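Student:
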Amino acid sequence: MTFRPGIHLLVVLAMTFAGCAKQPVATTPPPDPLQLLAHDITAATALPGVRRAAWGIVVQSLDRDERLFALNPGTLLVPASVAKLVSLAGAVDAVGWNFRFETEVRAAGPIVDGTLDGDLIVVGSGDPSIGGRAGQALSVWVDALKAIGLKRIEGRIVGDDNAGEEPRPQLAWAWDDLGYTTGALWGALNLRENRMTVAITPAVSLNDRPTISVGPAESFRLLRNRTTTGTTDSSLLIWPEQRPGEPFLTIAGSVPAGAPPAELLVSAGNPTLWFASGLRHALVEGGIDITGDAFDIDDLTANPEWATSTVLYTHQSPTLAEIAQPLLRDSINLYGEAVLKLNADRDGLPTNDAALEGLRTRLTTWGIPTDAWQLIDGSGLSRRNAIAPETLVAVLRRMYDPAWTSPWISGLPVAGRDGTLANRMRGTPAEDNLRAKTGTMSNIRSLAGYVRTLDGEVLAFVLLADGFEGSGREATEAIDRIAARLAGFSRVAE
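Per our numbering, the very first residue in the sequence shown carries number 13; after that it's consecutive.
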């Protein structure tokens, strides 16, 4: 056989190309977006500072009625202020968004030539907004009474709180919360969210007691001074203590010598006496003379004339829709307690127990099992509160407004914009998008609300982290990472 190089080369090349054409092309399937989402959420729960936490997470698509992710959805966890969502949802079902609290001003005696011969009684029904972020100042009341010709009161200013149970802390409220505004007690009468200001002026000499002062309307509040004057380069550190069994509020800490007076916001104590004292001061400042002092009706012997008192002025609160805005956005505990009471049967006394019973009936009607939640108060301040993430998602689904215009949606803080989320998730897809209620307690962080994904899909989500081992900052960062990931989620594989 004769060797022919050209032909041999052609044969070899043909065989080589034929072999290459038969080789399969290796392709990698695109990652599943839901699997990636689950991976990223799980990774966030294992970050330093939160890996020992008890996590409860549910992510639910409202557009597709599909559960995207769940971790311990039925586990009962402490919700902190996220509990306010349940209190408000029940109240809306009970009384509607247009409900208004009413407070009456009554005259226990005749008015002759502008002088009331008897006590002025204020009968409350639990309005938390008077003088606060959602309500009007007492100057409106003064103008209304002057408009009917009242110039002088020959009697006392009496706060009647008998339309509600006696103000008290709810079960398992930490005693060291009670001196702060977060632990302010709710009552049938409330003023300026039951917060007052204490001024602490440092002494001239080192280690001497600073001077503590309050305004004339706050003078009824018993205070114990346990502050000291520190060196000029020392730090300002002051705090209130409402110790169990003590009638006075202790102000403790240190203020630097030579510093201007420091101001400390504290709880006002007895809300009924606080209201009566505040109203008396406002009336006097407005030009109405008063001979008597301010009293809580429980501290007085019953006056027969109270039963025949006549209504001089009826104050209506803003609507529940308006009250809900600072309740959700600023997470005011006092508002949460007031709103919970609206769940009680309207024919009975709105006690905490009656309100919880009414709430239990409503949630059962909504298909939520009674063993899937256990709330003790309306604000979330109690550590005995426990709720399953799937219960909160059920409430979010029931209250959802596709137009995002309801008081429920508009009241929730917006990430990176306002309320308790004003400084969170900035520069992420959640900014100016996610709306959610926050919850904060020692070693507890929570977030529950709504977010739109990159595809425009609306998700309801609940993120609860209980008993984390690290700092609050680390826990907040882990929750925000998950929330921002939900905002950046897309079902389109990259």
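Ideal Cβ placement from N, Cα and C applies to all residues, glycine included. Note that this is a predicted model, so its numbers are computed, not measured.
(1) How many Å lie between residue 127 and residue 273 at the Cα?
(2) Contact between the segment 493 to 504 and the segment 89 to 99 is defined here as three or more beta-carbon pairs at a separation below 8 angstroms; is this criterion met?
(3) Secondary structure at residue 338, three-state DSSP: helix, strand or coil?
(4) Per DSSP, residue 327 is paired with what?
(5) Rounded to the nearest angstrom, what separates residue 179 and residue 368 at their Cα positions?
(6) Please classify residue 51 as buried or exposed, where buried requires at least 16 neighbouring CB atoms within 10 angstroms.
(7) Go through its chain and collect everything with a Cβ distance to residue 514's Cβ below 6 angstroms, but skip five positions before and after it.
(8) Please report the residue range of the beta strand (DSSP E) in which residue 171 lies.
(9) Determine contact between the segment 333 to 348 and the segment 157 to 166, defined as no fewer than three beta-carbon pairs at a distance below 8 angstroms.
(10) Considering only the alpha carbon of each residue, which of 478, 503 and 302 lies closest to residue 466?
(11) CB-CB under 6 angstroms to residue 327, same chain, minus the five flanking residues each way: which ones, in chain order?
(12) Just the C-alpha distance for residue 423 and residue 436, rounded to the nearest angstrom, thanks.
(13) Quick one: what does DSSP say residue 202 is sitting in, helix, strand or coil?
(14) In terms of residues, what are the limits of the beta strand (DSSP E) holding residue 449?
(15) Do you know offhand how far residue 523's Cα is from residue 158's?
(16) Taking C-beta to C-beta, are residue 214 and residue 288 nearer than 7 angstroms?
(17) With three or more C-beta pairs closer than 8 angstroms as the rule, is the segment 91 to 106 touching the segment 308 to 318?
(18) Need the endpoints of the beta strand (DSSP E) that residue 462 sits in, please.
(19) What did DSSP end up calling residue 384 once you bin it into helix, strand or coil?
(20) How long is the line joining the alpha carbons of residue 329 and residue 396, rounded to whole angstroms?
(21) Does the beta-carbon of residue 228 have 16 or more other beta-carbons within 10 angstroms, so that it is buried, or is it exposed?
(22) Nearest to residue 249 by alpha carbon, out of 353, 234, 189 and 276?
(23) Quick one: Cα of residue 182 to Cα of residue 462, how far?
(24) Return the chain-ordered list of same chain residues with a C-beta closer than 7 angstroms to the C-beta of residue 203, the five sequence neighbours on each side being excluded.
(25) Relative to the C-alpha of residue 454, which residue among 392, 414, 232 and 173 is closest?
(26) Mind reading off the beta-carbon distance from residue 408 to residue 477? Whole number of angstroms is fine, and I expect it under 8 angstroms.
(27) Report the start-end ranges of each alpha helix (DSSP H) in the segment 37 to 73 that is 4 residues or longer and not cut off at the edges.
(28) Please report the distance separating the alpha-carbon of residue 244 from that of residue 263.
(29) Scan the segment 267 to 291 and note each continuous beta strand (DSSP E) run of 3 residues or more that stays entirely inside, going in chain order.
(30) Considering just the uninterrupted stretch of the beta strand (DSSP E) at residue 104, what are its terminal residues?
(31) Are the beta-carbon atoms of residue 394 and residue 185 separated by less than 7 angstroms?
(32) In the DSSP assignment, what residue or residues form a beta bridge with residue 264?
(33) Please report the distance separating the alpha-carbon of residue 137 from that of residue 54.
(34) Leaving out five residues on either side along the sequence, give the residues of the same chain with a beta carbon under 6 angstroms from the beta carbon of residue 139.
(35) Please name the residue, chosen from 457, 167 and 414, that lies closest to residue 302 on a Cα-to-Cα basis.
Tutor: Per the coordinate set shown:
(1) Start at 1 with the first residue of the sequence shown, and residue 127 comes out as number 115. Start at 1 with the first residue of the sequence shown, and residue 273 comes out as number 261. Cα-Cα distance, rounded: 41 angstroms.
(2) Judged by Cβ distances under 8 angstroms, the segment 493 to 504 makes no contact with the segment 89 to 99, as fewer than three pairs qualify.
(3) Residue 338 sits at position 326 when you count from the first residue of the sequence shown. Under the three-state reduction of DSSP output, residue 338 falls in the helix class.
(4) Start at 1 with the first residue of the sequence shown, and residue 327 comes out as number 315. Residue 327 has 115 as its beta-bridge partners, per DSSP.
(5) Along the sequence shown, one-based indexing puts residue 179 at 167. Along the sequence shown, one-based indexing puts residue 368 at 356. Roughly 17 angstroms between the two C-alpha positions.
(6) Counting from 1 along the sequence shown, the entry for residue 51 is found at position 39. It counts as exposed.
(7) The question about residue 514 has no answer, for the chain in this structure spans 13 to 506.
(8) Walking along the sequence shown from the start, residue 171 turns up at place 159. Residue range 169 to 172 is occupied by the beta strand (DSSP E) that includes residue 171.
(9) The segment 333 to 348 makes no contact with the segment 157 to 166: fewer than 3 CB pairs, one atom from each, lie closer than 8 angstroms.
(10) Indexing the sequence shown from 1 puts residue 466 at position 454. Among 478, 503 and 302, the Cα nearest to that of residue 466 is on 503.
(11) The residue labelled residue 327 in the question sits at position 315 within the sequence shown. The answer, listed in chain order, is 115.
(12) Mapped onto the sequence shown, residue 423 falls at position 411. Mapped onto the sequence shown, residue 436 falls at position 424. One C-alpha to the other measures close to 17 angstroms.
(13) Along the sequence shown, one-based indexing puts residue 202 at 190. Coil, per DSSP.
(14) On the sequence shown, residue 449 is found 437 positions in, with the first residue counted as 1. Its beta strand (DSSP E) spans residues 447 to 453.
(15) No answer is possible for residue 523: the residues shown for the chain start at 13 and end at 506.
(16) What you label residue 214 is simply residue 202 of the sequence shown in a count that begins at 1. What you label residue 288 is simply residue 276 of the sequence shown in a count that begins at 1. Annotated as distal: residue 214 and residue 288, with beta-carbon spacing of 7 angstroms or more.
(17) Not touching, per the Cβ criterion.
(18) As a working mapping, residue 462 is identified with position 450 in the sequence shown. Residue 462 -> beta strand (DSSP E) spans 456 to 464.
(19) Within the sequence shown, the letter at position 372 stands for residue 384. DSSP, read as helix, strand or coil, puts residue 384 in helix.
(20) The sequence position of residue 329 within the sequence shown is 317, counting from 1. The sequence position of residue 396 within the sequence shown is 384, counting from 1. Going by the C-alpha atoms only, they are around 31 angstroms apart.
(21) Taking the first residue of the sequence shown as 1, we reach residue 228 at position 216. Result: exposed.
(22) Counting from one through the sequence shown, the residue named residue 249 turns up at place 237. Measuring from the Cα of residue 249, the nearest candidate turns out to be 276.
(23) Looking up residue 182 in the sequence shown gives position 170. Looking up residue 462 in the sequence shown gives position 450. Using only the alpha carbons, I get a separation of about 30 angstroms.
(24) Along the sequence shown, read from residue 1 onward, the residue named residue 203 stands at position 191. Excluding positions up to five away in sequence, the list reads 142, 143, 286, 287 and 290.
(25) Working through the sequence shown from its first residue, we reach residue 454 at position 442. Nearest option by C-alpha distance: 392.
(26) Counting from one through the sequence shown, the residue named residue 408 turns up at place 396. Counting from one through the sequence shown, the residue named residue 477 turns up at place 465. The beta-carbon separation of residue 408 and residue 477, rounded to 18 angstroms, does not stay under the 8 angstroms limit for a contact.
(27) Along the length of the segment 37 to 73, whole alpha helix (DSSP H) runs at least 4 residues long occupy 45 to 56, reported in chain order.
(28) Taking the first residue of the sequence shown as position 1, residue 244 is located at position 232. Taking the first residue of the sequence shown as position 1, residue 263 is located at position 251. Residue 244 and residue 263 have their C-alpha atoms some 20 angstroms from each other.
(29) Whole beta strand (DSSP E) segments, 3+ residues: 274 to 279.
(30) As a first step, residue 104 must be located in the sequence shown, where it is residue number 92. Here residue 104 belongs to no beta strand (DSSP E); instead the alpha helix (DSSP H) covers 95 to 107.
(31) The residue given as residue 394 occupies position 382 in the sequence shown. The residue given as residue 185 occupies position 173 in the sequence shown. At a Cβ-Cβ threshold of 7 angstroms, residue 394 and residue 185 count as neighbours.
(32) The residue you call residue 264 lines up with position 252 of the sequence shown. Note: residue 264 sits in a beta bridge opposite 238 and 251.
(33) In the sequence shown, residue 137 corresponds to position 125, counting from 1. In the sequence shown, residue 54 corresponds to position 42, counting from 1. Approximately 47 angstroms between the Cα atoms of the pair.
(34) For this step, residue 139 is matched to residue 127 along the sequence shown. Once the five neighbours on either side are set aside, the close Cβ partners of residue 139 are 113, 115 and 329.
(35) Position 290 of the sequence shown, counted from the start, is the residue given in the question as residue 302. The shortest C-alpha separation from residue 302 is found at 167.
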